[in-house]
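**Student:** In order, the protein sequence lines correspond to chains A and B. Using our numbering, the letters of the first sequence map in sequence onto residues 8 to 775. Using our numbering, the letters of the second sequence map in sequence onto residues 19 to 365. All C-beta atoms, glycine included, are put in the ideal place defined by N, C-alpha and C.
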Amino acid sequence: MRKIWDIHGGVHPPENKTQSLQRGIENAGIPPVLVHPLSQHIGAPAAPIVEVGQRVLKGQMIAEAKGFVSVPVHAASSGTVSAIEHREIPHPSGLLAPCIVIDTDGKDEWIELDPVDDYTTLEKADLLHRIRDCGIAGMGGAGFPSAVKLSTRDDAVIDTLIINGTECEPYITADDMLMRERADQIIAGIKILQYLIQPTEQTLIGVEDNKPEGIAALRQAAEDSNIEIVVFPTKYPSGGEKQLIQILTGREVPSGGLPADVGIVCQNIGTTVAIHRAVQFGEPLISRITTVTGDACSAPGNFEVLLGTPVDYLLKLGGFNQAQCLRLVMGGPMMGFTLKDTSVPVVKTTNCLLAPTTEELPPPPPAQACIRCGLCAEACPVSLLPQQMYWFARGKEYEKLEDHNLFDCIECGACSYACPSNIPLVQYYRASKAEIRKQQQEKVKSEHAKARFEARQLRIEREEAEKEARRKARQEAAKKKAAAGKDPIKAAQEKAAAPAVDPAQAAIEKAMAKRSGAAPEESSEETLARLQKAVETAEKRLESASAKLKEAEAADAPNLGALQTAHERMTEKLAKAKEELQQHQQASSGASDTDDPAAAAIARAQAARASKEDKSPLEKAQEQVASLEKRLTKSEQKLAEAKESGSDTAEVLEQSTAKLREKLDSARAELAQISESEAPVAAAASTNDPAQLAIEKAMAAREAAAKLSPEDKARKALESLEARVEKTRAKLAEAEESGADTVEVLRDTLAKLEDKLAEARKDPGVEG
Amino acid sequence: MALLTVSSPHAHGPMSTATVMRLVLLSTLPGVFALTYFFGFGTLSNILLASLLALGMEALILKIRKRPIGFYLNDCSALVTAVLLGIALPPASPWWILAVGILFAIVFAKHLYGGMGYNPFNPAMVGYVVLLISFPVQMTSWVAPIGTFNGEVLGPIDALMRTFSFSGVDAVTMATPLDVLKQNNSLLVEDLWASNSQFGTLAGVGWEWANIGFLLGGLYLLYRRVFTWHAPISMLLSLTLLSALFYDGGSSASGGSPLFHLFSGATMLGAFFIVTDPVTSAVSNKGRIIYGACIGILVYLIRVWGNYPDAIAFSVLLMNFAAPLLDHYTQPRTYGHKKKNLQKEAD
Ligand code: SF4
Ligand code: SF4
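And the structure:
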């Protein structure tokens, strides 16, 4: 015999299971209308992908998953989408939420399915994808997306796979019936899970001892497998995931942690059948087994019901008598919630509809004073002190509540059940949890706002500093250049080369900064590496965010909301990073028709720079000018295109084009100056290769300079500077008039030149 | 559609506070029967008058506090207090003794602290101790049990007459066996036993049977899971251990055998009806074990070396003081937590 552990506390409410076990599972048929809520699971709601009026087939995806913790929704039968609107959904607070409404046509026409004969041929990721695409979420209670639950971290070693067939809530027999009638499918589903999870030690199905028939059926079906059925005494709430884990393995899932932290993955038994059908037959989750019971139902039983079926349709099949029933519960009597309206649909987590008579479950009597009897603490499966928490909850002492581990409370209701004073303890805990969550969210929000403000402040400061640094650098360069006036070739070369690292680089930087907020100069490989890393970190972050979210959801932690938003943000970031990486890869692979001009520009600029490396300075200068021209043409062309198509890259392009033009102009100006100062080579000016021209001119200038006296040289330099200042001024005026965004650059250049000129004038002779 | 919106759980256990209280009342019957058989109708007259007074005072104070009277009277907690006090007081106590006792129990110990559930001290024991300190003579004179002296015990009329202090009814009173044993310092226990007709097989005549009666009632409550075994059993255990430790086989200075202590005075009444009072005891099981054990120790200490004949009331009140502290230091370890709450706080 396998060792079985006991959990603390627990209660023994009357089981009331026999009523609904009199008949086998019956098919509920096709209701005239199906209402599919977009959120039937924990996580982000699905997004509709059908339109009103569209005909849909049975099993067709009608809403797709949004984000990592989400699952899609499928049409449960064929028909026409008649509305996508807010409707009442089954939820404790009677929420209105978006639903897709389908008027069924009764044909029940399937969409083409994609069965897999041998799932072992599939990759793990493909399998998970399939499970997710089939919309499978935990069918036991919370509705956590199964694929998320099954995608354990790679470093986590799972030794035990646990299938939860406990069904400890009174009245509910859906899993029991499933075991009796579909044990084969359960085992088939578990085998898929085994393949996915690869538990290193054991696979256990936990079942309470009040289901002998189900157990026998399972045992038979599992005969030739390594799946063990573990039977343990009936006690509520043995079926809580953490409780079941403790019963079967003696391990405790750490507070705020996941079963995977102790090497365990746990799945509901109903979910295994859904997974089996999804993998083997490609069937999405469109139906489930729901128990309809309670004394107000004359024909209680279990029904295979299409998801989206309105509750009143199903109740009718169970012989529901409204007059006898004061409260209608979805779920069991311990953890279920009351429905305000019978028009709400059956969803993925609807395991039971309980319609008790007033005698059966009388309305709660008024609460009396707590007599500190401790029966609640005695009953609590988590070993909390419910009566203390009750005092604190009443006193709104939230810190004390958290100290007393309020967030470890699984809201099982055992304490309320046991309380002789009829105190609705769980209600107090729920309200307190909600309040604490709200407060935390507000705190997070204000912290975010603060962080944003600080980041902005910092950015502004940094930008100021950078501007200052640039200005200084330019002044330095100007001095140097003035000093280097004796060597016009070098100057020309510098001049020709300088713009490449200046405006072009600036354009690149700006383009890059605009997209990724990334840092300065880097080679193509560096960019690639950086982007890859960004994707990697984003992936890692997303993973940890998902894990955290999962944990939080499992533990019902207070920061759930914050985590969800964080998770969404991470998902977005990852998508962005990936996109960027892709773009970059396209750009660097030379796809000039890439639709990201900036990336292309970067790539080309970098390629040009790289090819420059092993060439002589002359060639470089030549190429520089040539490439500048080429780039300008291209840039202009692209700009025109972008403008035409109204693309938002137009702005970036415009800037970079302007800068390119400016750069080219200044390079040409330089050449012009040289040519002006040196008449003998004027003949060469006829050439239309400006780079060649510049080089020739520069060489000529050097020759001439060599002959000149220092005063002459100085004078010449001065003259050339003056000419440049003049030209820049003209250009600036022009730019200002046309409102071009090169104005600033020009102003900078002008300032720089004027500085230089002033210096040169101050000390004309000595410079040489 | 008028469907009820209530939060889960929808099912509720069979136990209610009123049920608990009624079960407690019911379980006092064997003990009360024994007391009546051996000491006459004085106990019943105590209970009757105390109950009436308690209900009246409770109703009055509820009215003053503007609480729904019927709702609160229905929980029977005042009745339990009255019955326990009535049992604890000497049979056929005068009415004014009862009135003062109930006044302190219901008005001061219970309602001035906020009513049911808020009282840190056991109301019946507060009433008892106030009386013991104020009227030591009346409180220590216990009617003689059947078979001693003239062999007669108080009938119902006599008891009521005595309760209302009409002259003419003169019951024989004497010290209780606990008292006798404590005062004794010359005779061996064995000789004391032989020379004193009020000693029975285990302890005092009548007392042993009353204790057996309350033990039976207590076991029934335990069986019905009205309370857990922790506090009463640990109290009885510690009392047994301590008396065994100091029992020297019966010298004149002996403190009495374990059996004597278990079946004397209000031991069983205390163990199963006072120590188990949920409101004023520790909450966790571990806390209750300590709580019960400490009461057992205190009972022995006060019985043997203290100035009062019985010690249940003092011991219980002393430990009522300590209960919150015990609660604080005996918080259970929550599932999934490595440390206890307390240690976590200290980190
Ligand atoms: S069960 Fe109810 S009355 Fe008893 S201690 Fe807990 S909250 Fe108080
Ligand atoms: S609802 Fe919470 S406090 Fe109450 S028994 Fe369940 S886990 Fe314990």
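Output, in chain order, the set of chain B residues within a Cβ distance shorter than 7 Å of Ser-423 (chain A).
**Tutor:** Those are Pro-27, listed as they occur along chain B.
**Student:** Rounding to the nearest angstrom, what Cα-Cα distance links Phe-57 (chain B) and Ile-175 (chain B) in this structure?
**Tutor:** Taking the straight line from one Cα to the other gives about 14 Å.
**Student:** To the nearest angstrom, how far is it from the Cα of Gln-448 (chain A) to the Cα of Lys-457 (chain A)?
**Tutor:** So the two alpha carbons sit approximately 14 Å from each other.
**Student:** Which same chain residues end up closer than 7 Å to Ala-96 (chain B) when comparing Cβ atoms and leaving out the 5 residues on each side of it in sequence?
**Tutor:** For Ala-96 (chain B), where only same-chain residues beyond five positions count, the Cβ hits under 7 Å are Ala-72, Leu-73, Glu-76 and Ile-124.
**Student:** Cβ of Leu-251 (chain A) versus every heavy atom of ligand 2: is any distance shorter than 7 Å?
**Tutor:** Leu-251 (chain A): no, Cβ never under 7 Å from ligand 2.
**Student:** Can you find the residues in the same chain that come closer than 6 Å, C-beta to C-beta, to Ala-83 (chain A), ignoring five residues on each side of it along the sequence?
**Tutor:** So the list reads Leu-41, Ile-293, Leu-313, Leu-314 and Gly-315, once near-sequence residues are dropped.
**Student:** Which first and last residues belong to the alpha helix (DSSP H) in which Glu-219 (chain A) is found?
**Tutor:** Note on identity: in this sequence residue 219 (chain A) is Pro, with Glu being the wrong assignment. 219-228 is the extent of the alpha helix (DSSP H) around Pro-219 (chain A).
**Student:** The alpha helix (DSSP H) with Glu-226 (chain B) in it runs from where to where?
**Tutor:** Taken as a continuous stretch (DSSP letters only), the alpha helix (DSSP H) holding Glu-226 (chain B) covers 225-241.
**Student:** What are the residues that DSSP puts in a beta bridge with Gly-308 (chain A)?
**Tutor:** Its beta-bridge partners are A:Val-299.
**Student:** Under three-state DSSP, which class holds Val-297 (chain B)?
**Tutor:** Note: Val-297 (chain B) maps to coil in three-state DSSP.
**Student:** Taking Asp-415 (chain A) as the query, report the chain B residues whose CB atoms sit under 9 Å from its CB, ordered along the chain.
**Tutor:** Simply Thr-352, Tyr-353, Gly-354 and His-355.
**Student:** With a cut-off of 8 Å on the beta carbons, I'd call Phe-288 (chain A) and Leu-120 (chain A) a contact; round off their distance for me.
**Tutor:** At roughly 6 Å, the Cβ-Cβ gap stays under 8 Å, so Phe-288 (chain A) and Leu-120 (chain A) are in contact.
**Student:** Hey, does Pro-244 (chain A) have any beta-carbon neighbour from chain B nearer than 8 Å?
**Tutor:** It does not; no Cβ of chain B falls within 8 Å.
**Student:** Return the residues of the stretch 216-246 of chain A that lie within a Cβ-Cβ distance of less than 8 Å from chain B, sorted by chain order.
**Tutor:** Taking 8 Å as the Cβ-Cβ cut-off against chain B, none of the residues of the stretch 216-246 of chain A qualify.
**Student:** Could you have a look at Ser-302 (chain B) and say whether DSSP puts it in helix, strand or coil?
**Tutor:** Correct three-state label for Ser-302 (chain B): coil.
**Student:** On the DSSP letters alone, give me the boundaries of the alpha helix (DSSP H) that Ser-69 (chain B) sits inside.
**Tutor:** Where Ser-69 (chain B) is concerned, the enclosing alpha helix (DSSP H) stretches over 60-82.
**Student:** At the 8 Å Cβ level, is Ala-99 (chain B) part of the contact set with chain A, yes or no?
**Tutor:** The residue asked about is misnamed: residue 99 (chain B) is Thr in this sequence, not Ala. No, no contact with chain A.
**Student:** Going by DSSP, name the residue or residues bridged to Cys-106 (chain A).
**Tutor:** Answer is A:Pro-44 and A:Glu-92.
**Student:** Is the beta carbon of Ala-285 (chain A) sitting closer than 8 Å to the one on Thr-364 (chain A)?
**Tutor:** No.
**Student:** In whole angstroms, give me the CA-to-CA distance for Gln-205 (chain A) and Gly-36 (chain A).
**Tutor:** Going from the Cα of Gln-205 (chain A) to the Cα of Gly-36 (chain A) covers about 38 Å.
**Student:** Note down, in chain order, each residue of its chain lying with its Cβ closer than 7 Å to the Cβ of Pro-138 (chain B), except the 5 sequence neighbours on either side.
**Tutor:** Closer than 7 Å at Cβ, skipping near neighbours: Tyr-131, Thr-298 and Asn-338.
**Student:** Between Met-156 (chain B) and chain A, is any beta-carbon pair separated by less than 8 Å?
**Tutor:** The amino acid occupying residue 156 (chain B) in the given sequence is Gln; Met does not appear at that position. No, Gln-156 (chain B) does not count as interfacial toward chain A.
**Student:** Is the CB-CB distance between Ala-281 (chain A) and Met-146 (chain A) below 8 Å?
**Tutor:** The answer is yes: Cβ separation under 8 Å.
**Student:** What's the gap between the Cα of Leu-588 (chain A) and the Cα of Lys-323 (chain A)?
**Tutor:** Using only the alpha carbons, I get a separation of about 57 Å.
**Student:** Which stretch, first to last residue, makes up the alpha helix (DSSP H) that contains Val-147 (chain B)?
**Tutor:** Run containing Val-147 (chain B): 141-152, per the alpha helix (DSSP H) assignment.
**Student:** Quick one: complete alpha helix (DSSP H) runs, 4+ long, within the stretch 223-272 of chain A?
**Tutor:** Counting only runs of 4 or more, we get 248-256.
**Student:** According to DSSP, is Glu-68 (chain A) helix, strand or coil?
**Tutor:** A small fix is needed here, since residue 68 (chain A) is Met in this sequence, not Glu. If DSSP states are grouped into helix, strand and coil, Met-68 (chain A) belongs with the strands.
**Student:** Would the beta-carbon of Tyr-326 (chain B) be found less than 7 Å away from any heavy atom of ligand 1?
**Tutor:** No, the beta carbon of Tyr-326 (chain B) sits no closer than 7 Å to any heavy atom of ligand 1.
**Student:** In terms of residues, what are the limits of the alpha helix (DSSP H) holding Gln-394 (chain A)?
**Tutor:** Per DSSP, Gln-394 (chain A) belongs to the alpha helix (DSSP H) from 393-401.
**Student:** I'd like to confirm something about Ala-584 (chain A): is its beta-carbon nearer than 7 Å to some heavy atom of ligand 2, or not?
**Tutor:** The answer is no for Ala-584 (chain A).
**Student:** In the DSSP assignment, what are the bridge partners of Pro-370 (chain A)?
**Tutor:** In DSSP, Pro-370 (chain A) forms no bridge with anything.
**Student:** For the candidate residues A:Leu-549, A:Glu-116, A:Thr-167 and A:Ala-154, whose alpha-carbon lies nearest to that of Asp-133 (chain A)?
**Tutor:** Looking at the Cα atoms, A:Ala-154 is the closest of the given residues.
**Student:** Please determine whether the Cβ atom of Ala-132 (chain A) lies at a distance below 7 Å from any heavy atom of ligand 2.
**Tutor:** Outside the cutoff, so no.
**Student:** For Gly-60 (chain B) versus Leu-172 (chain B), is the C-beta spacing smaller than 8 Å?
**Tutor:** Closer than 8 Å, so yes.
**Student:** What separation, rounded to the nearest whole angstrom, lies between the Cα atoms of Glu-366 (chain A) and Thr-300 (chain A)?
**Tutor:** Using only the alpha carbons, I get a separation of about 15 Å.
**Student:** For Ser-439 (chain A) and Leu-121 (chain B), what's the separation of their Cα atoms in angstroms?
**Tutor:** Straight-line Cα distance between these residues: approximately 39 Å.
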